[in-house]
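J.: Listed in order, the protein sequences are those of chains A and B.
Residue numbers for the first sequence follow the working numbering, beginning at 370 and rising by one.
Residue numbers for the second sequence follow the working numbering, beginning at -12 and rising by one.
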Amino acid sequence: MENSIIKIQGLKKVYNPDTIPVFALNGINLEIEEGEFIAIVGPSGSGKSTLLNMIGGLDSPSEGSVEIGGIKIDELDSKKLIDFRLKNIGFVFQDYSLLPVLTAKENVAFVMQLQGQADQKCNKRAEELLTAVGLQERMNNRPAKLSGGQQQRVAVARALASKPKFILADEPTANLDSKSTSDLLDIMLQLNKEEKITFIFSTHDQRVIDKARRVVWVVDGKIDKDERK
Amino acid sequence: MLLKLAWKNLWRNKVRSRTIILSIILGLTGGIFSVALFNGLTEQKLSNAIETQTAHIQIHKKKFLDDYDIRKSIHNHNLVSKTIKENPLVKGYVTRVVTTGMMTSASGGSGVQAFGVDPKEEKKVSKIYDRIIDGKYFEGIKKNPIVIGEKLAEKLDAKVRSKIVLNTQDKEGNIVGSAFRVVGIFKTNSSNFDEANVFVKKKDLWKLLKANGSIHEIAVVVEDEDLSDKVKEGFVSKLDSKLEIETWKEIQPELAVMSDFSERVYLFFIAIILIALGFGILNTMLMAIFERTKEIGVLMAVGMSKSKVFGMIILESTFLALIGATLGMILSITLISWTGSSGINLSAFQQGFESFGVGTIIYPQLSIGFYFQLMLMVILSAILFSIYPAFKALKLNPVEAIRSK
Ligand SMILES: Nc1ncnc2c1ncn2[C@@H]1O[C@H](COP(=O)(O)OP(=O)(O)OP(=O)(O)O)[C@@H](O)[C@H]1O
Ligand SMILES: [Mg+2]
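1) Ignore the nearest five residues each way along the sequence and tell me which others in residue 368(B)'s own chain have a CB closer than 6 Å to its CB.
2) With DSSP as the reference, please indicate the residues paired to residue 435(A) in a beta bridge.
3) Would DSSP call residue 278(B) helix, strand or coil?
4) Can you tell which of 184(B), 38(B) and 62(B) has its C-alpha closest to the C-alpha of residue 99(B)?
5) Please report the distance separating the alpha-carbon of residue 374(B) from that of residue 301(B).
6) Any chance the CB of residue 275(B) is under 6 Å from a heavy atom of ligand 1?
7) Given a limit of 7 Å on CB to CB distance, which residues of the region 264 to 275 of chain B reach chain A?
8) Should residue 396(B) go down as buried or exposed, given a rule of 16 or more other Cβ atoms within 10 Å for buried?
9) With 16 as the cutoff for other CB atoms within 10 Å, does residue 179(B) come out buried or exposed?
10) Closer than 8 Å, Cβ to Cβ, to anything on chain A: give me those residues from the region 288 to 321 of chain B, in chain order.
11) Pull up the distance between the alpha-carbon of residue 581(A) and that of residue 595(A), whole angstroms please.
12) Show which residues of chain B have a CB atom less than 8 Å away from the CB atom of residue 454(A).
13) When the distance is taken between beta carbons, is residue 83(B) closer than 7 Å to residue 204(B)?
14) Counting only Cβ pairs nearer than 7 Å, list the residues of chain B close to residue 431(A).
15) Quick check on this structure: which residue in 379(B), 378(B) and 44(B) has the alpha carbon closest to the alpha carbon of residue 79(B)?
16) Is any beta-carbon of chain B found at less than 7 Å from that of residue 325(A)?
17) Would you kindly work out how many angstroms separate the C-alpha atoms of residue 495(A) and residue 530(A), rounded to a whole number?
18) Taking 8 Å as the threshold, find out whether the region 167 to 174 of chain B comes into contact with the region 210 to 221 of chain B through three or more Cβ pairs.
19) Apart from the five residues just before and just after residue 29(B), which ones in its own chain have a Cβ nearer than 8 Å to its Cβ?
20) I'd like the list of long-range same chain contacts for residue 382(A), defined as Cβ closer than 7 Å, with 5 residues on each side in sequence excluded.
21) Mind checking who residue 95(B) pairs with in its DSSP beta bridge?
22) Can you tell me which of the three DSSP states residue 353(A) falls into?
23) Let me know the secondary structure DSSP gives residue 487(A) once reduced to three states.
24) Which residues end up in the neighbourhood of ligand 2 when you take C-beta atoms closer than 7 Å to any of its heavy atoms?
25) Considering only the beta carbon of each residue, do residue 315(B) and residue 8(B) sit closer than 7 Å?
26) Excluding sequence positions up to five away, which residues of its chain have a Cβ less than 8 Å from the Cβ of residue 577(A)?
27) May I ask whether a heavy atom of ligand 1 can be found less than 6 Å away from the beta carbon of residue 581(A)?
28) By how many angstroms is the C-alpha of residue 413(A) removed from the C-alpha of residue 370(A)?
29) Note down the Cα distance separating residue -9(B) from residue 324(B), rounded to an integer number of angstroms.
30) Run through chain A and tell me which residues come within less than 9 Å of residue -1(B), C-beta to C-beta.
31) Is it buried or exposed for residue 162(B), if we count other Cβ within 10 angstroms and need 16 for buried?
32) Find out if the Cβ-Cβ distance for the pair residue 147(B), residue 112(B) is shorter than 7 Å.
33) Could you tell me which chain A residues have their CB closer than 9 Å to the CB of residue 2(B), listed as they occur along the chain?
34) Three-state secondary structure (DSSP) at residue 59(B)?
35) Tell me the DSSP secondary structure of residue 214(B) in three-state form.
36) Relative to the C-alpha of residue 438(A), which residue among 403(A), 463(A), 512(A) and 455(A) is closest?
So, in structure tokens, the structure goes:
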């Protein structure tokens, strides 16, 4: 397990420990290597989102640790954590979450600008990324003018913009129809194959599960099955 | 990039942004215009007093003003005049003979201060000639002409060409009197002044007082009111220490107080308006953040630092304030320059204004400096009042924010 980029050990999360405790995660151990294409699967309320949030450093564990590229992110302070997220993790959300006032291209460039890169460079890379997700024609449209599938592809391009170590996606296809779902998946798979981008996503969708190369089943906050294809 | 994002965010809720901008425009215009109106009023009172009563600087022999004893004259007034003339900041000056006395006619009497002037010279310093409402300024009557105020004319029941008598003391202390004929009647903005001051020719007064060549008062007008203090300092250092040299602020301290005080009142008044507008901005920004909870959560998740989120919100409210303030100022300036040149006629309230020492037409006016100060205050209050909403945004927990719908 030399090339693990993510190492999760004894991860537990309890919400509202003082009132009505909710045990969302009950001891997760998981290692993820560079270049994987992993689906996190499980019934509603099983803890998939909680797990992804922990990996993404959006929420802090009650017990256990999350190590990314040798850094224990639960030990970073909030300022360093934001910076860490910016440099290492790409996020894709279920409802796309693009900035409505910016065009597709601006949305993608924005993350790079946050990193302090020159405008010209940001624009160029934004164009390349949008071309890679098949949106070369729609770069100057605002999100409201794009379909859900197109918006989610912009979101993937945005997640890739900062050259992260991996991309976290919580139910990226839940709001998409089947055609858009398979288009998005093809793009993700292609990026995974050609650019060696690591994808970690949760899903309920059998067609998505079928395409994953590793499926981690979570039940009641524990890993039930870890299946490689 | 932050600028651009903040600017675009502003126009997401157009109705709300326009509403707050409009209220800033109206609030500021109302405030600025009221201040300009009040300022016009004070300035007018000041310039009236300076033009017709005090000039900028007056020179007397020390203690003369205590008892108006005509023996306390300015000794070497030719030398003094020379020093005054040499100062390049001086626009004009006059020398006067001054006494106090009793003005009487068949219908009554009234205590007055009589000034012996050289009519031609006097025009350089005093605008009394410009305030003549009946008769002429020392024209048309050769022997012992006198110019009196409207109020005194009423009291003495005197008209142009009426004969009235001035009783006073001569240099030796004898009671003396002489008849004068009214040549002109003036009316300034101060009825008190009009009642108590009369003007005669210098040589006529000299003859009456048996004080040929005596000068009791030198009145100086400088190029700009603001230079009064500086010019006074120059005189003090060069002239005889037995002379009392005073600026208009010292002659009429209540005017000086009014002019200083009013500036503070303006700022205070504007500050209150800005606080009211500030709460409007606060409310607008809180609503904007509430609506965008999820989006701000996403921004923080993808790596927008807290300082940038903070900056974005401060910028948004600064933009709102800047737009409102700029438009408000343009509107105010237009309004002020429009009413400032033609004036606002308030003759309906004539009585009250006259005793306040101003005319019935008010010319609103404001200095450029005031606008700059105001702009600064507006920006500051926009920043101040968006700090709380901005902190509120920082406190958002990204996970919760993203979960919220
Ligand atoms: N902020 C929170 N406070 C309290 N309980 C929470 C919170 N977030 C999640 N939970 C609870 O933790 C458990 C796991 O939630 P989680 O969202 O991770 O499930 P999930 O597998 O993503 O479900 P779904 O498939 O519906 O998205 C659930 O019982 C949920 O109610
Ligand atoms: Mg979930």
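Just so you know, even glycine gets a beta-carbon here, dropped at the ideal spot from N, CA and C.
T.: By the coordinates alone:
1) 261 and 265
2) 377(A)
3) helix
4) 184(B)
5) 7 Å
6) no
7) none
8) In the structure displayed, chain B extends from -12 to 392; residue 396(B) sits before or after that span and is not available.
9) exposed
10) 288, 289, 290, 291, 292, 293 and 295
11) 12 Å
12) 288, 289 and 290
13) yes
14) Within 7 Å Cβ-Cβ: nothing; residue 431(A) doesn't reach chain B, min ~14 Å.
15) 44(B)
16) No answer is possible for residue 325(A): the residues shown for chain A start at 370 and end at 598.
17) 7 Å
18) no
19) 245, 246 and 249
20) 393, 394, 419, 423, 430 and 431
21) 92(B)
22) Given that chain A is displayed from residue 370 to residue 598, the structure contains no residue 353(A) and the question cannot be resolved.
23) coil
24) 417(A), 418(A), 539(A), 540(A) and 571(A)
25) no
26) 408, 542, 550, 554 and 570
27) no
28) Legend: pLDDT at residue 370(A) = 49, less than 50; position of this residue unreliable, no value from coordinates given.
29) 35 Å
30) 469 and 470
31) exposed
32) no
33) Chain A residues near residue 2(B): none, gap ~16 Å exceeds 9 Å.
34) coil
35) helix
36) 403(A)
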